[in-house]
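Residue numbers (the numbering used here): 20 to 297. Glycine is no exception: its CB is placed at the ideal position from the N, C-alpha and C atoms. Here the structure is a predicted model, which means the values were calculated and not measured.
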Ligand code: ATR
């Protein structure tokens, strides 16, 4: 890649940002298509978010991804948002159109893209359970409801947080959401797809488990963990041993990245190429 006076700058902002897989993945796609662009990580101290956005505009950064902890905090500083990010209440992609900042959210659609690409699964008509009720759960749940799942169940440690999420999700009358305790194994046993959206099991705490028992898993079920470090959490290893089809979070990272790339560049992204370059 040669950086010249004409090179457009893309970025990802977050805190911390050292572990982000986005710069490598996005720059690989940029190189592959010979685009005159570069994608850089910007570590932004949460106290300096306003100054960072001013700087991004002043330096005409063409677009940027937004990661933890700014996906909601960024919203007051945007000029426009697409319908999906408005509904979800979180933004992971911002495009700078000559000083007008427009926010998008590609997380949920990226997740669905990864299910299709990795397991050839469409969620329409499927019974789906989401473990956790935080920001990732919200994006994924919203995408699931938009895609016509047969039923959506949120299981969470703190039931009130799950209830709050369910209330937000049903606001748009997309479909109903049922709330259960985290240990409702009977519900889990009836699901087609179960998705862990919590960080339990992520490195370095790879021995931590969210669910004490996986006896509810049966062959043919799909169990997904949005964690990708380690490659295979205990949840995935044990579910696979019981015959489930499994998927980790690398695909979601690639999926949301591919959709962001298309918004930034107007070019078609290659999901598999991006995934292989995380
Ligand atoms: P993100 O935005 O990445 O989804 P988050 O908003 O912090 O992260 O959400 C974390 C989710 O993981 C929450 O649902 C949280 O459960 P609570 O609502 O009970 O806090 C869940 N979570 C985190 N650590 C957990 C643990 N050790 N056991 C069970 N659930 C956990």
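C-alpha distance - residue i paired with residue j, whole-angstrom precision
i           : j           : result
residue 201 : residue 24  : 54 Å
residue 174 : residue 161 : 15 Å
residue 66  : residue 77  : 19 Å
residue 52  : residue 208 : 45 Å
residue 72  : residue 203 : 44 Å
residue 254 : residue 156 : 17 Å
residue 33  : residue 63  : 6 Å
residue 147 : residue 273 : 22 Å
residue 114 : residue 235 : 44 Å
Burial state of residue i (16 or more Cβ within 10 Å)
i           : result
residue 269 : buried
residue 244 : buried
residue 31  : buried
residue 145 : buried
residue 168 : buried
residue 38  : exposed
residue 102 : exposed
residue 117 : exposed
residue 284 : buried
residue 17  : What the structure shows of the chain is the stretch from 20 to 297, and residue 17 is not part of that stretch, so it cannot be assessed.
residue 260 : exposed
residue 69  : exposed
residue 124 : buried
residue 9   : It is not possible to answer for residue 9, since the shown part of the chain is limited to 20 through 297.
residue 263 : buried
Continuous beta strand (DSSP E) stretch holding residue i: start and end
i           : result
residue 197 : 196 to 200
residue 22  : Where residue 22 is concerned, there is no enclosing beta strand (DSSP E), given that its DSSP letter is neither H nor E.
residue 273 : Element bounds for residue 273: not the beta strand (DSSP E) but the alpha helix (DSSP H), 269 to 284.
residue 28  : 27 to 33
Whole-angstrom C-beta distance between residue j and residue i, which should lie under 8 Å
i           : j           : result
residue 249 : residue 225 : 5 Å
residue 166 : residue 143 : 6 Å
residue 84  : residue 279 : 6 Å
residue 220 : residue 228 : 6 Å
residue 109 : residue 154 : 6 Å
Residue i - containing alpha helix (DSSP H), residue span
i           : result
residue 58  : Unbroken run through residue 58 is the beta strand (DSSP E), 56 to 62; no alpha helix (DSSP H).
residue 161 : 154 to 165
Residues of its chain near residue i, where Cβ-Cβ distance is below 7 Å and the 5 sequence neighbours each way are ignored
i           : result
residue 198 : 173, 178, 181, 182 and 185
Cut-off 6 Å between Cβ atoms - residues of its own chain near residue i, not counting five sequence neighbours on either side
i           : result
residue 22  : 57
residue 126 : 111, 158 and 275
residue 252 : 220, 244 and 246
residue 257 : 233
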